[in-house]
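Participant: Structure provided below as structure tokens; questions to follow.
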Amino acid sequence: MRKPLLWAGAGIILLLLVGPFLVPVPPLPDTVPPEELADPDSRFIELHGVRVHYKEQGAGEPVFLLLHGFGASTFSWREVMAPLASMGRVIAFDRPAFGLTERPPRSEWGGFNPYTPEAQVELTRALMDALGVERAVLVGNSAGGTVAVHFALTYPERVQELVLVSPAVYVGGGAPAWLLPLLRTPQARHLGPLLVRRIRQSGMELLNLAWHDPSRLTPDVIEGYTKPLRAQNWDRALWELTAASRPLHLERRLHELTMPALVITGDDDRVVPTEQSIRLAGELPHAELVVIPNCGHVAQEECPAAFLEAVRAFVQRLGTG
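Per my numbering, the sequence shown starts with residue 1, numbered consecutively.
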């Protein structure tokens, strides 16, 4: 009796180990190199072996460095880049796994995984170095706000001020910690792209949640958000980003951020609840808070005039703009 059970158990284990590799993962049709999707004002630069897509306007001081959120890109700053450029130099770039930044497969990493939280910080620093930016006003929306806080804790001397737009500092990111070891197995990495493709529709649901008034999601806006899904390896990159995530617990170190900060949120943020931004402004040592009425999670897109008014007043009070 015991022997058949042992054989059955061994068969189940073998199936779990080998079975996922028997599932075909066909390449996505109609994907192209990111450069083929570039806009007229797109620029590319190689950092840590990754071709990073960025845009730049304006000149002088201060330098605004814009960090987009999850599922977004430089496109999410389209309403405010030119107005910010009237105050100084503006740089926006696509973080790894998003926009038109290259999505290298694991075989091309060369020891540098571009999808880890630490890599997001290091690529931000490398971009600043490459473009001759010593200090910047970091402007981060949602998960980009998390990167901004992480960067400011790592390189405080490089941050002039922080502008955090509905930052996902308390929300966390990626998969639950207990699930991460499973996501990093070869079997999960093989099947991961298929899972990402299946949940693609949830991205549109999140986009609707991000706006106070979803009727403002015009076909042009939807096209701007979905265009990067035509870039090569977008599915694998998104899976690698998920697998590389981990809890950062940045909220435990907020007291270390002594630079001036501005927290902006909408009064109807259904992605990062407005109360969390209010809490963050209270826990940062030198923070101001602006709550924009009738606005959602992406104030720089849905309420650009109010966003710009808040930023302009902030930098002028500090004498940097």
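Every residue gets a Cβ at the ideal spot worked out from N, C-alpha and C, and that includes glycine. Quantities reported herein were computed from a predicted structural model and do not represent experimental measurements.
(1) Within this structure, are the beta carbons of Leu138 and Val52 separated by less than 8 angstroms?
(2) Report the rounded CA-to-CA distance for Ala143 versus Val169, giving the unit in angstroms.
(3) Examine the Cβ distances between the segment 83-92 and the segment 50-69 and report whether three or more of them are shorter than 8 angstroms.
(4) State the Cα-Cα distance for the pair Asn141 and Arg78, rounded to the nearest angstrom.
(5) Ignore the nearest five residues each way along the sequence and tell me which others in Glu134's own chain have a CB closer than 8 angstroms to its CB.
(6) Find the nearest neighbour of Leu207 within the set Arg246, Glu118, Asp269, Ala97, judged by alpha-carbon distance.
(7) Would you call the segment 230-239 in contact with the segment 98-117, where contact means no fewer than 3 C-beta pairs closer than 8 angstroms?
(8) Give the secondary structure of Asn113 by DSSP, where H, G and I count as helix, E and B as strand, and everything else as coil.
(9) Tell me whether Asp267 is buried or exposed, calling it buried when 16 or more other Cβ atoms sit within 10 Å of its Cβ.
(10) Please list the terminal residues of the continuous alpha helix (DSSP H) segment that includes Phe307.
(11) As an exercise, report each continuous alpha helix (DSSP H) stretch of at least 4 residues that is fully enclosed by the segment 40-73, in chain order.
(12) Would you say Leu318 and Val163 are within 8 angstroms of each other, going by their C-beta atoms?
(13) Would you mind giving the Cβ-Cβ distance between Gln120 and Pro96, rounded to the nearest angstrom? I have them listed as a contact below 8 angstroms.
(14) Taking the C-alpha atoms as reference points, what is the distance between Pro29 and Leu254?
(15) Classify Gln160 as helix, strand or coil using the three-state DSSP reduction.
(16) Pick helix, strand or coil for Ala168, following the three-state DSSP scheme.
(17) Leu254 lies in the beta strand (DSSP E); which residues open and close that run?
(18) Secondary structure at Val221, three-state DSSP: helix, strand or coil?
(19) Need the endpoints of the alpha helix (DSSP H) that Val290 sits in, please.
(20) Grab the span of the alpha helix (DSSP H) containing Thr154 for me, first residue to last.
(21) Quick check: the Cα distance between His150 and Thr31, rounded to an integer number of angstroms?
(22) Label Ala72 either buried or exposed according to how many other C-beta atoms from any shown protein chain fall within 10 Å of its C-beta, with 16 as the threshold for buried.
(23) Taking only the alpha-carbon atoms, compute the straight-line gap between Glu256 and Trp109 and give it to the nearest angstrom.
(24) Straight-line CA distance for Leu22 to Leu289?
(25) The beta strand (DSSP E) with Arg89 in it runs from where to where?
(26) Leaving out five residues on either side along the sequence, give the residues of the same chain with a beta carbon under 8 angstroms from the beta carbon of Arg43.
(27) Thinking Pro285 and Glu161 are a contact (beta carbons under 8 angstroms), I'd like their distance in whole angstroms, please.
(28) Could you give the first and the last residue of the continuous alpha helix (DSSP H) run that contains Val242?
(29) Which residues in the same chain as Pro293 place their Cβ atom closer than 7 angstroms to its Cβ, once the five residues preceding and following it in sequence are excluded?
(30) Let me know if Ile222 comes out buried or exposed under the rule of 16 or more other beta-carbons within 10 Å of its beta-carbon.
(31) For Gly69, which residues from the same chain have a beta carbon less than 6 angstroms from its beta carbon, with the 5 sequence-adjacent residues on both sides left out?
Facilitator: Judging by the given coordinates:
(1) Not a contact, by the Cβ cut-off of 8 angstroms.
(2) 8 angstroms
(3) yes
(4) 13 angstroms
(5) Met128, Arg158
(6) Asp269
(7) yes
(8) coil
(9) exposed
(10) Its alpha helix (DSSP H) spans residues 304-317.
(11) At a cut-off of 4 residues, not a single continuous stretch assigned as alpha helix (DSSP H) sits fully inside the segment 40-73.
(12) Contact flag unset, no.
(13) Taking the Cβ atoms as the reference, Gln120 lies roughly 7 angstroms from Pro96, within the contact range of under 8 angstroms.
(14) 45 angstroms
(15) strand
(16) coil
(17) No beta strand (DSSP E) holds Leu254; DSSP gives it neither H nor E.
(18) Helix, per DSSP.
(19) Note, Val290: premise wrong, no alpha helix (DSSP H); beta strand (DSSP E) at 287-292.
(20) 143-154
(21) 32 angstroms
(22) Buried, since its Cβ has 16 or more Cβ neighbours within 10 Å.
(23) 33 angstroms
(24) Low per-residue confidence applies at Leu22: pLDDT is 44, beneath 50, and the placement is therefore not dependable, though the value from the model is reported in the following sentence. The alpha-carbon atoms of Leu22 and Leu289 are separated by roughly 53 angstroms.
(25) Looking at the DSSP string, the run of the beta strand (DSSP E) that includes Arg89 is 89-93.
(26) His53, Tyr54, Lys55, Glu56
(27) Between Glu161 and Pro285 the Cβ distance is about 13 angstroms, and since that is not below 8 angstroms, they are no contact.
(28) In the sequence as presented, Val is not what sits at residue 242; that position holds Thr. Where Thr242 is concerned, the enclosing alpha helix (DSSP H) stretches over 234-244.
(29) Asp267
(30) Counting Cβ neighbours within 10 Å, Ile222 comes out exposed, since fewer than 16 surround it.
(31) Asn141, Ser142, Ala143, Gly144
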